[in-house]
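Q: Quick one: the structure is below, questions incoming.
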Amino acid sequence: MARRIDVTGAGGVRLAAWEFADPPKTGLDPAQGRAAPEPGVPGVLLLHGLMGRASHWASTARWLAARHRAVALDQRGHGQSEKPPQAAYTREAYVEDAEAALEQLGLAPAVLIGHAMGALTAWQLAAKRPDLVRALIICDMRASALGAASQREWAQWFQAWPAPFATLADVRKWFGEDDPWVERPNPARGEFYAEVMHESVDGWRPVFEPEQMLRSRETWVYDAHWEELAQVRCPALVVRGVDGELGRAEAQEMVRVLPAGEYAEVAEAGHLAHYELPSAWRSAVQPFLDRVRGD
613 MARRIDVTGA
623 GGVRLAAWEF
633 ADPPKTGLDP
643 AQGRAAPEPG
653 VPGVLLLHGL
663 MGRASHWAST
673 ARWLAARHRA
683 VALDQRGHGQ
693 SEKPPQAAYT
703 REAYVEDAEA
713 ALEQLGLAPA
723 VLIGHAMGAL
733 TAWQLAAKRP
743 DLVRALIICD
753 MRASALGAAS
763 QREWAQWFQA
773 WPAPFATLAD
783 VRKWFGEDDP
793 WVERPNPARG
803 EFYAEVMHES
813 VDGWRPVFEP
823 EQMLRSRETW
833 VYDAHWEELA
843 QVRCPALVVR
853 GVDGELGRAE
863 AQEMVRVLPA
873 GEYAEVAEAG
883 HLAHYELPSA
893 WRSAVQPFLD
903 RVRGD
């Protein structure tokens, strides 16, 4: 089952947080009107990447729920969270949203697990508020600046989308096969993007505004983030899909820069390792989570 919990982010932006399985519990929390987790059960906050949504973590969250209270956050502009046109889509805003979620959900000190942009948010928060973060998992996010050419390519890519899509099958086919960025058929990628579409009067369109995604992205593609990485004091695991966007050399340099860094990779996976190959992803992160728990 899925349970939605409302969170108030930076600037009053309304955010949707999700539990995808019943958390460990002993009774009801009168203040929240919901099941309260057992004392000492470690909290986990899952942060999706750009254009993603909390549901992309559903498989991981259900797996984690056996021994953790795992909550996934729809970040501002994404999923069912608020998408105000004039809201700040800065790094600071995303980090403050995650900080607010940890505090309002009572998860801290938590394990932060982030994919792509969500991983950057996670390590920036770990650097800013070490008291809130006990461990960190970074999935396929680079610390180096990507540059202006990357931003132009993304703008052109959004313009190439044949939206509105007539059917969800068309969504799956375009993103899984026909998209010029797809090197070989990738059904998981098609499913990933089908999850971020909603039906409108003229067909299927993304639940986010592409302009807001570009605004979100421009706040991090022009700058490197090695300095914040070096400020992360908690145990941290850098995970890459072998065919993803984070190269092995840069990933290993990130591990070296992290004061308590470790490395893992998911063979035969791309950028969406946690979504494409959930079993292999779990195997890659399980030993780290066991060590964090002291198992």
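Per my numbering, the very first residue in the sequence shown carries number 613; after that it's consecutive.
For each residue, glycine too, the CB sits at the ideal point set by N, CA and C.
Hey, quick one: how far does the beta strand (DSSP E) through Arg-746 stretch, first residue to last?
A: 745–751
Q: Could you check where the beta strand (DSSP E) with Val-850 kicks off and where it finishes?
A: 848–853
Q: DSSP three-state call for Ser-812: helix, strand or coil?
A: strand
Q: Below 8 Å on the Cβ atoms is my guess for Gln-687 versus His-660; work out the distance and round it to an integer in Å.
A: Going by Cβ atoms, the distance from Gln-687 to His-660 rounds to 7 Å, so yes, they are a contact pair.
Q: Look at the alpha carbon of Trp-766 and the alpha carbon of Ala-760, and state the distance between them as a whole number of angstroms.
A: 10 Å
Q: Mind checking who His-727 pairs with in its DSSP beta bridge?
A: Cys-751
Q: So, using beta-carbon positions, are His-690 and Gly-726 closer together than 8 Å?
A: no
Q: Give the straight-line distance between the Cα atoms of Ile-750 and Gln-824, rounded to the nearest whole angstrom.
A: 23 Å
Q: CB Val-833 to CB Val-851, shorter than 8 Å?
A: no
Q: Identify every run of the alpha helix (DSSP H) within the region 858–885, keeping only runs that are complete inside it and at least 4 residues long; order them along the chain.
A: Listed in chain order, the complete alpha helix (DSSP H) runs (minimum 4 residues) inside the region 858–885 are 860–869.
Q: Pick out whichever of Val-625, Trp-769, Pro-871 and Arg-703 has its Cα sitting closest to the Cα of Trp-793.
A: Trp-769
Q: With DSSP as the reference, identify every bridge partner of Arg-817, one or two as the case may be.
A: His-810
Q: Return the first residue and the last residue of the alpha helix (DSSP H) that Asp-782 is part of.
A: 780–785
Q: Going by DSSP in three states, Glu-631 sits in which element: helix, strand or coil?
A: strand
Q: Using the C-alpha atoms, what's the distance from Val-867 back to Leu-640?
A: Residue placement at Leu-640 is poorly supported in this model, since its pLDDT is 43, which falls under 50; the coordinates still yield a value, given next. In a straight line, the C-alpha of Leu-640 is about 41 Å away from that of Val-867.
Q: Quick check: the Cα distance between Asp-752 and Ala-731, rounded to an integer number of angstroms?
A: 8 Å
Q: So what does DSSP say about Thr-702, is it helix, strand or coil?
A: coil
Q: Measure the C-alpha to C-alpha separation of Arg-564 and Arg-860 and round it to an integer number of angstroms.
A: Past the edges of the chain, shown from 613 to 907, lies residue 564, and the structure says nothing about it.
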